[in-house]
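Enquirer: Submitted below is the structure of interest, expressed as structure tokens.
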């Protein structure tokens, strides 16, 4: 039981999943589950608040915002601005993770379904407009060149996830891109970057959910949350065999797609089980 | 053109060519072993005559069934309710639920006076305009395949527009919408139609309907099934019929009909209730009386499976039950079913693929409450078994991974046999010094049952591929 410590000696961590009723479309609530479990397995006491809209946002040590549809996204942004707690907590250094619609509303402006701009929280120096072309849908791999660094000073392993959005996000000078896109679209601004971060606020377009596919990023956020509480932020290692197997499988699948795009139709990799091999069956009976 | 109101369709000109071509392509496709061929034939026929569906549907009694979950089953139920096991009703039984499949079904069943079509949610509005149906059954709308299908509210708006336009019809025959009153997204769409029979089916899943589609306010659900927006007048409409706690279908006029059917689960009783209300609205076929709700339910009572869903197969002395669910609402309904039956399955095999027909994004696994399986032993399989394994780990569900689905079923059968042989022997739980991967399962609770079936639950292609291999 190395790594596990006496729970009573550890402070309680409060993970807040923000408005799952409005920002909960793509399984992004899983980010809260991943954070909570990875803290519990290390002996921390953790509570997860699924903070529904319509009541004051609770004080927490880590906030997660997920993807959502256009109408609910507008409502979530205006409620969060009105409520004020998220901006206040972020100002105290409490980490915030925003995904997709939740990423967009962390910025200055984002569009609704009719391309009217709406005000965001302004926690990240980003603005989003509606893309002109097709939605960006598919697997993404991106490299943490200028991204946040873990406590040991190394670089986080490549970011992997699934994007599905129609927005184009521009990162201003007050924030940095989270990662450089190797495969996929990401922010879509032509500079081939994905997400944004500043201080302890991180935004990304990636679902999966992103923290289940990038557990080192989850641990980075947990470390930040402990730092913000003034606790020791060293985290004992966990047995991540299954997460690593998932990452390896997804990275290999994305690589195979890349090869296929380069017109190598008989690439050995294409024979791999379930990889880049969508069925031609169009129907989806219920 | 057809010869008036009779059942015999003899299309002329372009439509006839389209029909002949469709049939020929179907035969060719079957000869070349390219599958059943109905979809490809339908596609060829539509290429020749894009208005083929409306030409072939004219003058027939058409019912359309759509929704996120239960389309195939409910379509099969409605056919059974209308025919009582006989013939005379045409349908797209293979689940080919987009225009090519509809054209194929109309061609294949040229002589049928009654047509029941399962419709992909995205194609419903267009098909209403084309077929001028007598009945439209709207089951539910929840998150499903977000990388491929429009989001829930966009679909609800599409339905609403399609139903609002249904007032201006070429023929005089009226249309009745039979709609699930417990799903606010369905209600938002259906209230645009002139005639609606609202059915209270007791829907549990409402995570996709908290934001009011009318005003953006917040919908409050009460535990008894009612719901109401907190900011506008949008709320559950007056019910025509509803399912009560004693599994009885209660009509507003006081009629009570027991919902006793072989098909398992709350969701199938909900589908049966929709069919009991929908079937009479189809009116009378030539020379027959309209089906009553009681007759409809009587005819559904002994239906055991639809398109292989809920069917069982025997393998190496063990019963394997095949369950299909494609999205969080569907998986949750199956967990409800396992709880409701209260049995001890010999094993649970969960299979997930992410092909185009399944949706390429597996994020939905995190909206499924796998935590409810804690204490059971699960085998994860399918092309995306790695995603499933990580999800199960974070749900604290004891699991093993066997990537090949048939091997996974066999592993579950073996485990059940071992458990039967080794009652009282518990497996070693290794401790390698690392932080435990998940809490050690309670030996007794985690041991598979020794008599029950192996439950195989897969999403769409995982299910159909295993069914074909068995």
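Protein chains in written order, with this note's numbering: chain V, 12 to 297; chain S, 174 to 643. Every residue gets a Cβ at the ideal spot worked out from N, C-alpha and C, and that includes glycine. Remember, predicted model here, so these are calculated numbers, not experimental data.
(1) Against chain S, with Cβ distances strictly below 8 angstroms, would residue 276 (chain V) count as a contact?
(2) What are the start and end residues of each continuous beta strand (DSSP E) run of 3 or more residues lying completely inside the stretch 198-252 of chain V, in chain order?
(3) From what residue to what residue does the beta strand (DSSP E) around residue 477 (chain S) run?
(4) In terms of alpha-carbon separation, which member of V:95, V:80, V:53 and V:261 lies closest to residue 70 (chain V)?
(5) Report the partner residues of residue 537 (chain S) according to the DSSP bridge assignment.
(6) Got a sec? Which residues, its chain only, sit under 7 angstroms from residue 557 (chain S) by beta carbon, not counting five neighbours each side?
(7) Between residue 306 (chain S) and residue 235 (chain S), is the Cβ-Cβ spacing less than 8 angstroms?
(8) Pairing CB atoms from the stretch 88-107 of chain V with CB atoms from the stretch 131-138 of chain V, are three or more of them under 8 angstroms?
(9) What's the gap between the Cα of residue 196 (chain V) and the Cα of residue 635 (chain S)?
(10) In chain order, what residues of the same chain have a beta carbon less than 7 angstroms from the beta carbon of residue 149 (chain S), not counting five sequence neighbours either side?
(11) So the beta strand (DSSP E) residue 500 (chain S) belongs to, where does it begin and stop?
(12) With a CB to CB cut of under 6 angstroms and the five nearest residues on each side skipped, what residues in its chain are close to residue 434 (chain S)?
(13) Please report the Cβ distance between residue 520 (chain S) and residue 552 (chain S), rounded to the nearest whole angstrom; I am assuming they are in contact, meaning their Cβ atoms lie under 8 angstroms.
(14) Residue 58 (chain V) bridges to which residues according to DSSP?
(15) Can you look up residue 192 (chain S) in the DSSP assignment and give me helix, strand or coil?
(16) Using 10 angstroms around the beta-carbon of residue 630 (chain S), count the other beta-carbons present and answer buried if the total reaches 16, otherwise exposed.
(17) If you draw a straight line from the alpha carbon of residue 100 (chain V) to that of residue 128 (chain V), how long is it in whole angstroms?
(18) Listed from N- to C-terminal order along the chain, which residues in the stretch 247-258 of chain V have their beta-carbon within a distance smaller than 7 angstroms of any beta-carbon of chain S?
(19) DSSP three-state label for residue 258 (chain V), please.
(20) So, is the C-beta of residue 391 (chain S) closer than 8 angstroms to a C-beta in chain V?
(21) In chain V, which residues lie less than 8 angstroms from residue 567 (chain S) when you measure between Cβ atoms?
(22) Report buried or exposed for residue 417 (chain S), applying the criterion of at least 16 other Cβ atoms within 10 angstroms of its Cβ.
(23) Got a sec: which bits of the stretch 118-145 of chain V sit with their beta carbon under 7 angstroms from any beta carbon on chain S, in order along the chain?
(24) Of all the residues that make up the stretch 52-86 of chain V, which are near chain S by a beta-carbon distance shorter than 7 angstroms?
(25) Can you name the start and end residues of the alpha helix (DSSP H) that residue 700 (chain S) belongs to?
(26) Between residue 549 (chain S) and residue 585 (chain S), what straight-line distance do the alpha-carbon atoms span, to the nearest angstrom?
(27) Looking only at DSSP bridge pairs, what is residue 436 (chain S) linked to?
(28) Under 8 angstroms, Cβ to Cβ, is there at least one residue of chain V near residue 316 (chain S)?
(29) Show which residues of chain V have a CB atom less than 8 angstroms away from the CB atom of residue 536 (chain S).
(30) Check each candidate in S:371, S:633 and S:284 and name the one with the smallest Cα separation from residue 144 (chain S).
(31) Report the neighbours of residue 562 (chain S) on chain V: residues whose CB is nearer than 8 angstroms to its CB, in chain order.
(32) For residue 240 (chain S), which of S:639, S:529 and S:443 has the nearest alpha-carbon?
(33) Using only the alpha-carbon positions, how far apart do residue 313 (chain S) and residue 356 (chain S) sit?
(34) Whose C-beta lies closer than 6 angstroms to the C-beta of residue 497 (chain S) among residues of the same chain, with five residues either side of it excluded?
(35) Would you mind listing the beta strand (DSSP E) stretches within the stretch 283-335 of chain S that are 3+ residues and don't spill past its ends, in chain order?
(36) List, in chain order, every chain A residue whose beta-carbon is nearer than 8 angstroms to that of residue 94 (chain V).
Expert: From the atom records:
(1) Within the first chain, residue 276 (chain V) is the residue found at index 265, counting from 1. Low per-residue confidence applies at residue 276 (chain V): pLDDT is 31, beneath 50, and the placement is therefore not dependable enough to give any value.
(2) Entirely contained in the stretch 198-252 of chain V, the beta strand (DSSP E) runs reaching 3 residues are, in chain order, 207-209 and 212-215.
(3) Taking the first residue of the second chain as 1, we reach residue 477 (chain S) at position 304. Residue 477 (chain S) -> no beta strand (DSSP E), and no H or E assigned at all.
(4) As a position in the first chain, residue 70 (chain V) is number 59, starting the count at 1. Closest in C-alpha terms to residue 70 (chain V), from the list V:95, V:80, V:53 and V:261, comes V:95.
(5) To locate residue 537 (chain S), count along the second chain from 1; it is residue 364. The partner list for residue 537 (chain S) (beta bridge, DSSP) is empty, contrary to what the question assumes.
(6) As a working note, residue 557 (chain S) is residue 384 in the second chain. Excluding residues within five positions, the ones whose Cβ falls inside 7 angstroms are 525, 526, 527 and 535.
(7) Within the second chain, numbered from 1, the residue matching residue 306 (chain S) stands at position 133. Within the second chain, numbered from 1, the residue matching residue 235 (chain S) stands at position 62. In contact: residue 306 (chain S) and residue 235 (chain S) (Cβ atoms closer than 8 angstroms).
(8) In this structure the stretch 88-107 of chain V lies against the stretch 131-138 of chain V, because at least three pairs of beta carbons, one per stretch, are closer than 8 angstroms.
(9) Here residue 196 (chain V) refers to the residue found at position 185 of the first chain. Here residue 635 (chain S) refers to the residue found at position 462 of the second chain. When only Cα atoms are considered, residue 196 (chain V) and residue 635 (chain S) end up about 29 angstroms apart.
(10) Summary: the structure shown does not reach residue 149 (chain S), with chain S confined to residues 174 through 643, and so no result is reported for it.
(11) Here residue 500 (chain S) is taken as the residue at index 327 of the second chain, counted from 1. It is not in any beta strand (DSSP E) - residue 500 (chain S) carries neither H nor E in the DSSP assignment.
(12) Numbered from 1 along the second chain, position 261 holds the residue referred to as residue 434 (chain S). Counting only Cβ-Cβ distances below 6 angstroms, and skipping sequence neighbours, we find 445, 473 and 474.
(13) To locate residue 520 (chain S), count along the second chain from 1; it is residue 347. To locate residue 552 (chain S), count along the second chain from 1; it is residue 379. The Cβ separation is near 7 angstroms, so the contact holds.
(14) The sequence position of residue 58 (chain V) within the first chain is 47, counting from 1. Answer is V:25.
(15) Within the second chain, numbered from 1, the residue matching residue 192 (chain S) stands at position 19. Residue state, collapsed to three classes: helix.
(16) Locating residue 630 (chain S) in the second chain gives position 457, where the first residue counts as 1. Counting Cβ neighbours within 10 Å, residue 630 (chain S) comes out buried, since at least 16 surround it.
(17) For the purposes of this step, residue 100 (chain V) is identified with residue 89 of the first chain, where counting begins at 1. For the purposes of this step, residue 128 (chain V) is identified with residue 117 of the first chain, where counting begins at 1. C-alpha separation (whole angstroms): 25 angstroms.
(18) Residues 247, 249, 250, 253, 254, 256 and 257.
(19) Taking the first residue of the first chain as 1, we reach residue 258 (chain V) at position 247. DSSP places residue 258 (chain V) in helix when its eight states are reduced to three.
(20) Locating residue 391 (chain S) in the second chain gives position 218, counting from the first residue. Interface residue, yes.
(21) The count along the second chain starts at 1 and reaches residue 567 (chain S) at position 394. What residue 567 (chain S) touches in chain V: 41, 44, 45, 48 and 223.
(22) On the second chain, residue 417 (chain S) is found 244 positions in, with the first residue counted as 1. When all chains shown are included, residue 417 (chain S) counts as exposed.
(23) Going along the stretch 118-145 of chain V in chain order, one finds no residue with a Cβ nearer than 7 angstroms to chain S.
(24) For the stretch 52-86 of chain V, which is checked against every Cβ of chain S, the residues closer than 7 angstroms are 52, 53, 64, 65, 80, 82, 83 and 86.
(25) What is shown of chain S runs 174 to 643, which leaves residue 700 (chain S) out entirely.
(26) On the second chain, position 376 is the one that residue 549 (chain S) refers to. On the second chain, position 412 is the one that residue 585 (chain S) refers to. Distance between residue 549 (chain S) and residue 585 (chain S), taken at the CA atoms: about 12 angstroms.
(27) To locate residue 436 (chain S), count along the second chain from 1; it is residue 263. None, per the DSSP bridge assignment.
(28) Reading the second chain from its first residue, position 143 is the one you call residue 316 (chain S). The beta carbon of residue 316 (chain S) sits closer than 8 angstroms to some beta carbon of chain V.
(29) Translated into positions along the second chain, residue 536 (chain S) becomes position 363. Correct list: 37, 38, 39, 41, 173, 218, 219 and 220.
(30) Chain S is shown only over 174 to 643; residue 144 (chain S) falls outside these bounds and no answer can be derived.
(31) Here residue 562 (chain S) refers to the residue found at position 389 of the second chain. Those are 253, 256 and 257, listed as they occur along chain V.
(32) Position 67 of the second chain holds residue 240 (chain S). Selected option, being the one with the closest Cα: S:443.
(33) Taking the first residue of the second chain as 1, we reach residue 313 (chain S) at position 140. Taking the first residue of the second chain as 1, we reach residue 356 (chain S) at position 183. Taking C-alpha positions only, residue 313 (chain S) is separated from residue 356 (chain S) by approximately 6 angstroms.
(34) Here residue 497 (chain S) corresponds to residue number 324 of the second chain, with the count starting at 1. Here residue 497 (chain S) has 482 and 636 as same chain residues with Cβ atoms under 6 angstroms from its own Cβ, once five neighbours each way along the sequence are excluded.
(35) You should have 287-292 and 308-311.
(36) The question asks about chain A, but that chain is absent: this structure's protein chains are V and S.
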